[in-house]
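Q: Below you will find the structure I want to go over with you.
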Amino acid sequence: MLSTLLAACASNGRPLVLPGPNPAGSRLSLNSEMEWTRISASRFQLWTIDGELLNRLYLIPSVRERDYIFLGSRQTKRRPDGAYFKPGMRADELRDLIVDGLAASGAVNIAPSNLRPTTFGDREGLRFEVSLANEEGLKYQGMVAAFEHDKELALAIFLAPSEYYYPRDAEKVSRMLDTLRWK
């Protein structure tokens with residue numbers, strides 16, 4: 072699924088995220104209440120506590136115009152349709168774009184819920200929850216936070232299995248996502 076693709080691309084790993092303020096690449100930052108292992112690449116970070124299949128926080132500081140929502144490819148005349156970001160999208164369009172990206176990454180039975188506006192420092196953004204399953208049928212719950220900056224999108228997605236791992240960490244991760252900031 073998404074994490075396998077990301078881990079395959081990862082390099083420059085910084086092994087540990089400590090509690091407190093942390094950079095999430097470029098000018099994106101957030102505060103963590105717990106320790107994570109970090110895998111960094113040039114345009115994203117993947118954080119996990121127990122291993123990427125058990126919990127993962129995917130952080131993209133800058134999805135550029137016409138980029139595939141989870142990076143990788145760009146929109147072209149030959150490839151006009153897909154989960155490509157465009158500045159100025161409405162909250163429901165961004166939610167649908169992220170859901171389309173999850174589906175393209177192999178997730179099934181995706182059900183977003185509780186789309187709501189929120190503020191990240193001085194940036195207007197959105198939050199929502201999602202439930203889904205991987206290709207093997209393991210059920211996940213997750214939460215998404217996103218906001219625009221400089222005609223680009225900052226994106227954070229947390230996913231963990233519905234049993235045990237999501238309930239264990241959801242409250243702390245939700246508070247972490249509230250601290251997302253663009254500096």
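Using the working numbering, read the sequence shown as starting at 72 and increasing by one per residue.
Using N, Cα and C, we set each Cβ at its ideal position, and we do this for glycine too.
(1) From this set, N205, G192, F115 and K243, which residue's C-alpha is nearest N180's C-alpha?
(2) State the Cα-Cα distance for the pair E87 and Y129, rounded to the nearest angstrom.
(3) Among all the DSSP beta bridges, which residues are the ones paired with K210?
(4) Is the stretch 200-218 in contact with the stretch 113-122, if contact means three or more CB pairs nearer than 8 Å?
(5) Taking its Cβ as the centre, do 16 or more other Cβ atoms sit within 10 Å of E89, making it buried, or is it exposed?
(6) Kindly indicate the opening and closing residues of the beta strand (DSSP E) around G172.
(7) For E195, which residues does DSSP report across the bridge?
(8) Do the stretch 218-228 and the stretch 191-198 meet, that is, are 3 or more Cβ pairs less than 8 Å apart?
(9) Name the two residues that bound the continuous alpha helix (DSSP H) containing A227.
(10) For P238, name the three-state secondary structure that DSSP assigns.
(11) What separation, rounded to the nearest whole angstrom, lies between the Cα atoms of L124 and G159?
(12) Nearest CA to the CA of D240: which residue from R127, R161 and A227?
A: Straight from the coordinates:
(1) Position 109 of the sequence shown, counting from 1, holds the residue named residue 180. It is N205 whose Cα lies nearest to the Cα of N180.
(2) Here residue 87 is taken as the residue at index 16 of the sequence shown, counted from 1. Here residue 129 is taken as the residue at index 58 of the sequence shown, counted from 1. Strictly speaking, residue 87 in this sequence is Leu, with Glu absent from that position. Their backbone Cα atoms lie some 15 Å apart in a straight line.
(3) Your numbering for residue 210 matches position 139 in the sequence shown. Beta-bridge pairing links K210 to A204.
(4) no
(5) Counting from one through the sequence shown, the residue named residue 89 turns up at place 18. For the record, residue 89 in the displayed sequence is Leu; it is not Glu. Counting Cβ neighbours within 10 Å, L89 comes out exposed, since fewer than 16 surround it.
(6) Residue mapping note: residue 172 aligns to position 101 of the sequence shown, counting from 1. For G172, no beta strand (DSSP E) segment is defined; the enclosing uninterrupted segment is the alpha helix (DSSP H) at A162 to A175.
(7) As a working mapping, residue 195 is identified with position 124 in the sequence shown. Its beta-bridge partners are T190.
(8) At 8 Å Cβ cutoff, the stretches touch.
(9) Along the sequence shown, read from residue 1 onward, the residue named residue 227 stands at position 156. Not the alpha helix (DSSP H): A227 falls in the beta strand (DSSP E), residues E223 to P232.
(10) As a working mapping, residue 238 is identified with position 167 in the sequence shown. Helix.
(11) As a position in the sequence shown, residue 124 is number 53, starting the count at 1. As a position in the sequence shown, residue 159 is number 88, starting the count at 1. The straight-line gap from Cα to Cα measures roughly 33 Å.
(12) The sequence position of residue 240 within the sequence shown is 169, counting from 1. Of the candidates R127, R161 and A227, the one whose C-alpha sits nearest the C-alpha of D240 is R127.
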